[in-house]
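Protein chains in written order, with our numbering: chain E, 57 to 786; chain R, 12 to 191; chain G, 609 to 710. Worksheet: one structure, shown below.
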């Protein structure tokens, strides 16, 4: 089987696993696990095989692996669907299959497979202690479907199939955020996520429609590799001074704004942390939000049509760059004031995605793609690590309350230690501390991930990709973007160190942290795997002019990914200022953060709150954007639905109309019955009957039963007949 | 008035009077006996009409069988019947009226015949013996009246069987035919 | 010598008296006697016509013979019926045998 045809098989195993679990496999947790993981392994193997083939192919950008079939006949034309593996989709495929596999394996341990079911656990709520998740099989069904959606999106060769995968992931995101649907916060979060991304999706759909109308096709190769098409789109004016290309680009970018949680549609991603941690890792770090970036990378030729490096940015690109850079800084300012371990990572994700968006906006295709890949690895690592921490904290809580109950039931504990009977939030970093000793493996892998996020030099992947972006910003002559991104990098390093310090360093700040213990092998193995990638993935993209080590390893990323574009971008010459800035920012931020947060005692308040004062409150409340949207959009929508449409239109007008028609019919019917049916119809029937009866009654008197009367009557009639015959008619 | 006419008048009067007694007599046995007288008068009339055989048949069948039968029946149904009391039913006046009307109508009808006024019968061509023989032969002659003869015999058979069946005493109830 | 009309008038009279007997008597046997009278009147008519109009044809007498047979059988059956009814209903009054009334 040729590689082209193998690509079709990559998304299928998880879909089949989803179906199999749904159709009966859910009855056995073991079977569901096997189905899902085996399917993912198959997809992983196929994906790596295809990637290996892709890497070995020369000029993959010009001659990608592709295969298509006709699918949807429309009048005279046919929409085809197919698969395409060019450099961009090849590297995306690479990190998607690795991260998904890691997350699948991690989920087995996270949901306590192998442990007995705690009878007090309620399906729809997270397990209280360490019983197996009651809806275990359902989870694996959903993440299998999710994997199918992402893989479909990655391998598709046209916008329609991509959109299908996009929407499947949106659905799975909804289902998985609200996996623990017994919690009201989860229910609200799932709806919020779906609706917010939907806003972006609507605009994306408009962009798709416009594109199809203008070009008659949705196939990537036909649109993006054809200079005539691109130029035609660029020259056709649309609205507001934009060309058609620009408009479509912005519309498609709107989809990215929704899916990749850029400002202003960023509000769903932090709340999406209501889902189980593997969900957060998979959907909101490694894969789904990356789909938004993948989209704008894919459509890079359309977004940058008419632009050449060194020129000022087009309107579309400027919008993208501004939103990306702004989001990067905006989200990182919020992250420094968050106390929930997962929320910090959520805002960190938003910020890093902003980096990638900004990179695309300024035309740094390779840098954005590079950062996409490395970010997926270390962000997934960080999320899974946080899940391990939370698990450890929950075990610690159960252990500490058990031991406290054994030790001194009913007695007042030592002064200032009432927490043995309280339920502390296992996700609040202020309850953690000192977990370095209790959970060493988690600590070291989390540290690697955190350093990668902060851009620690040389040995972490994040350094290389982030540096590339900064270099591009500097080299392209975009000082504003450069400064904003550098500031965001500083804050990133700071809050990362804050997070690591609060969680792992110092002394435990609660009994739960004191009694925490390391997670099982099933959860640690993926962490180790991902940390390896977080270290090494960056080495594939070392600039060939880098001091000392540049050129030792060929810049695979530059060469391979660069050929995805029709016009191969030139590598920018190496420059020192961005490198220095990177080093200062990352090391400085890390150092500052560690200094402040490494040894805070139990019950301490955040020093940052003291320094920033009321600003800290603003940051902690996320600039009140949620409240603003609630006021502007959510409440009016509810009013419209509940009051206007339901109470007024539906109940009063429509139901009123129907009731009116019903009542009128009843009255008409009653009148018809009274006026016509009873007197005329019944009357006629009765008349016939009564007449017959009356006639019968009248006539029956002749039936006297007396023979002689009958004889007399007979004689009479015979006489009449005879006289008639003889006299009248002789 | 010749002798024959006189005989006729006497016989006719006897017949009519006894017929009236038949239908007017309150006691049924008397009526039956008066019926015998009427039948005898009719037999005499047959003789006057040169139908001697018929006269004999009249006496034997009618008086000897039918009248006897009627007397038997009267005696068998005597117990409960009102042997005395008015024997005319409620609408007897209607019956009288019908009778009178019928009589008038018959006479009016018959009077229109041209032969009504025939005073003398034509002479008989054959002797009485020959007539009887001829009568007998005609009843079995295939070209003449064998069919009515045979039909009449079937009728008599049916009447025979029927009257036997009808007049049998009621069967002992074996419990099957009771109302319960 | 004796005009045909006399026979016919006599026969008509007997017939009408018999008719009265049929229609006007209560007892069923009396009704049957009336029927016999009527049949006799018919016989007289038949024989008179035979004698005065077609004495050569013996059909008149044959007809009368048949009438005899019919009268006899009818009287037998009728009387058997009356006896049967008397057994069931203990009455022979025609007016009271009115089960077939409305």
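Just so you know, even glycine gets a beta-carbon here, dropped at the ideal spot from N, CA and C.
Between residue 91 of chain E and residue 66 of chain E the beta-carbon gap is near 17 Å, outside 8 Å, which marks them as no contact. Under the three-state reduction of DSSP output, residue 35 of chain R falls in the helix class.
The count of Cβ pairs closer than 8 Å, one atom from the region 540 to 559 of chain E and one from the region 582 to 596 of chain E, stays below three, leaving the stretches out of contact.
Closest in alpha carbon position to residue 84 of chain E, among E:71, E:133, E:188, is E:188.
Judged by beta-carbon spacing, residue 141 of chain E lies within the 9 Å limit of residue 106 of chain E, meaning their Cβ atoms are closer than that value. Counting only runs of 3+ residues, no beta strand (DSSP E) is found wholly inside the region 679 to 723 of chain E.
Scanning its chain for C-beta atoms nearer than 6 Å, with the 5 sequence neighbours on each side dropped, one finds around residue 327 of chain E the residues 245, 248, in chain order.
Counting only runs of 4+ residues, the alpha helix (DSSP H) found wholly inside the region 183 to 270 of chain E occupies 192 to 211, 215 to 233, in chain order.
For residue 688 of chain G against residue 14 of chain R, the beta-carbon gap comes to about 44 Å, at or over 8 Å, which does not count as contact.
In terms of beta-carbon proximity, residue 731 of chain E stays away from the interface with chain R, with every pair separated by 9 Å or more. A direct Cα-Cα distance of roughly 42 Å separates residue 98 of chain E from residue 287 of chain E. Considering only beta carbons, the part of the region 155 to 169 of chain R lying closer than 7 Å to chain G consists of 156, 159, 163, 166, 167, in chain order.
Residue contact check for residue 708 of chain G against chain E: a CB pair falls below 9 Å. DSSP, reduced to helix, strand and coil, places residue 141 of chain E within a strand of the structure shown.
Apart from the 5 residues on each side of it in sequence, residue 143 of chain R sits with its Cβ closer than 6 Å to the Cβ of 64 in its chain, given in chain order. Nearest CB-CB separation between residue 652 of chain G and chain R: below the 9 Å threshold.
In the three-state DSSP reduction, residue 293 of chain E falls in the strand class (E or B). In summary, residue 501 of chain E is buried, with 16 or more beta-carbon neighbours lying within 10 Å of its beta-carbon over all protein chains present. Taking 9 Å as the cut-off, the Cβ atoms of residue 224 of chain E and residue 160 of chain E do not count as close. The three-state reading of DSSP puts residue 122 of chain E in strand, counting E and B together.
For residue 143 of chain E, the number of other beta carbons within 10 angstroms of its own is at least 16, and it is reported as buried. Under DSSP, no beta-bridge partner is assigned to residue 397 of chain E.
Fewer than three Cβ pairs drawn from the region 618 to 626 of chain E and the region 640 to 653 of chain E lie within less than 8 Å of each other, which leaves the two stretches out of contact. Between the beta-carbon of residue 642 of chain G and that of residue 100 of chain R there is about 12 Å, and that puts the pair past the 8 Å contact cut. For residue 673 of chain E and residue 285 of chain E, the gap between their C-alpha atoms comes out near 51 Å.
Note: residue 633 of chain G is bridge-paired with R:99 in the DSSP secondary-structure output. The beta-carbon of residue 645 of chain G is placed no less than 9 Å from the nearest beta-carbon of chain E.
In the DSSP assignment, residue 487 of chain E forms no beta bridge with any residue. The shortest CA-to-CA distance from residue 203 of chain E to any of E:155, E:688, E:414 is the one to E:155. Taking one beta carbon from each stretch, the region 168 to 177 of chain E and the region 122 to 139 of chain E have fewer than 3 pairs nearer than 8 Å; the two do not touch.
Bounds of the alpha helix (DSSP H) holding residue 106 of chain E are 85 to 112.
If you draw a straight line from the Cα of residue 149 of chain R to the Cα of residue 612 of chain G, it comes to about 26 Å.
Linking residue 572 of chain E to residue 451 of chain E through their CA atoms gives a straight-line distance of about 6 Å.
Within a 10 Å sphere around the beta-carbon of residue 276 of chain E sit 16 or more other beta-carbons, which makes this residue buried. Any Cβ of chain E closer than 9 Å to the Cβ of residue 172 of chain R would place that residue at the interface, and such an atom is absent. For residue 276 of chain E, the enclosing alpha helix (DSSP H) begins and ends at 276 to 280.
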